[in-house]
Structure formats: structure tokens, C-alpha cells
Amino acid sequence: MRFVETPLAGAYTIDLDRIEDDRGFFARSFCAREFAALGLDEAVVQCNVSFNHRVGTLRGMHYQAEPYGEAKLVRCTMGRILDVIVDIRLDSPTRGRWFSTELSAENHRMLFIPRGFAHGFQTLVDNSEVFYQMSALYEPSAARGLRWDDPVLAIDWPIAGPIVSERDRAYPLVGHDS
């Protein structure tokens, strides 16, 4: 695996080192030793799948409040998405900044998201599936989010008029109670 640090400290894009032949390829997509060597949370206690029928579907910006914060390793296993993270760590010099990268079944890229980040994505094609490896169990009472369209964050979503859940539309704007 090739880890490339994003402009937001602790978050990495990860490209697979593929061993290819005429059958296809083989690649390791997770190794606790490699994650630990970079000081990343290597625990995996839960895996989730998000399937999305329509292009333009937007999910986010989600996180879990402490002490239930979670690191995520995200990969798009079918279709294409724009994956977006926002640094919400109180002591971070990049607090309030966002980063995005395209994840797809074709590029096999993953995004490692440390604790203290809000996360969301928008589908770029119909029938997109996203696979998450999580470092913490889901705790409903700790579920939080930021508005995907918050003008303070000014996230550059590629598709106007997204399909968004009522829950995601109701999250507070930055600077308001969450």
C-alpha cells in the first residue's frame, strides 16, 4: 500500500500496490502493521456498506462525538464517489478545512479518516457502493453531523441539487450548537 498524507494531518489517501498478471491483480487493502507504523488507528471492529441507486446522492457530513470518535477506512467498491472530510479537531491547525478525493471501483483508492473528522460523499454515477472499515462501534447517542451545504465550509460538491436525507439537511451550520 502507498500512503499519501493529505493536506489535513493524519488523513491519508491509500493506493494499492497491485501484483498483476493475465488473470487480474492481487493487492493487500489493509495491514494492521503498516497502519501502526504510521501511528494510525489500526483497529477494525465494524464494517459497513452504503449502496446508492442514483447519481448525485449525498451522504454526510457525519461523525461520532467523543468518547465514541471513530477512524474510518473508506473504499468505493462499485461506481464512483467524491469522498469529503472536514477536520473538526479543536486543537488542529487545519480545523474547519476540507479535503476531497475521488474513490472508484476503477482506481481502487482508499481514504483513511482519523478520529475528529466529519465525513461525507456524493455519488458520481448510478449504483455506487461504499465499504467502510470502522475503528469504533456505532453509538446512536453520539451520532452528529455538519451541514453538507454550510457556507462557512464551502465544500465544492460536483453535482448541484443533490439527493440528501432529511436528517442530513437538519444538521447545524458551523458555529451553531450541534
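Quick note: the sequence shown uses the numbering used here, first residue 9, plus one each step.
We put the beta carbon where it would ideally sit given N, CA and C, even for glycine.
These numbers come from a predicted model, not from an experiment.
Option in the options with minimal Cα separation from residue i
i      : options                       : result
ALA113 : GLY104, GLY87, PRO180, PHE120 : GLY87
VAL52  : GLY169, ARG10, PHE139         : PHE139
ARG97  : ARG62, GLY124, GLY128         : GLY124
ALA144 : GLU78, PRO122, ILE27          : GLU78
ASP195 : ARG36, GLY128, PHE43, LEU24   : With the chain running from 9 to 186 in the structure shown, residue 195 is simply not present.
ASN56  : GLY153, SER108, LEU81         : LEU81
LEU90  : PRO170, MET9, THR102, VAL182  : PRO170
LEU48  : ASP29, GLU28, MET118, ALA19   : ALA19
PHE24  : PRO15, GLU137, ALA44, PHE120  : It should be pointed out that residue 24 corresponds to Leu in this sequence rather than to Phe. Among PRO15, GLU137, ALA44, PHE120, the Cα nearest to that of LEU24 is on PHE120.
Distance between beta carbons of residue j and residue i, contact taken as under 8 Å
i      : j      : result
ILE22  : VAL92  : Actually they do not touch by this definition, with Cβ atoms about 16 Å apart.
GLN130 : THR85  : With 8 Å as the limit, GLN130 and THR85 do not qualify as a contact, their Cβ atoms being about 17 Å apart.
HIS70  : ASP134 : In fact, because the Cβ distance is near 22 Å, the residues do not count as touching under 8 Å.
ALA17  : GLN72  : Incorrect: roughly 20 Å between the Cβ atoms, too far for contact.
Buried versus exposed, by CB contacts within 10 Å (16 or more), residue i
i      : result
ASP176 : buried
THR41  : A quick correction: the sequence has Arg, not Thr, at residue 41. Exposed, by the Cβ-count rule.
ARG155 : buried
GLY68  : buried
ALA191 : As shown, the chain starts at 9 and ends at 186. That puts residue 191 outside it, with no answer to give.
PRO180 : exposed
GLY153 : buried
Helix, strand or coil at residue i [DSSP, three-state]
i      : result
LEU24  : coil
ARG88  : strand
ARG83  : strand
SER149 : helix
ARG10  : strand
ASP29  : strand
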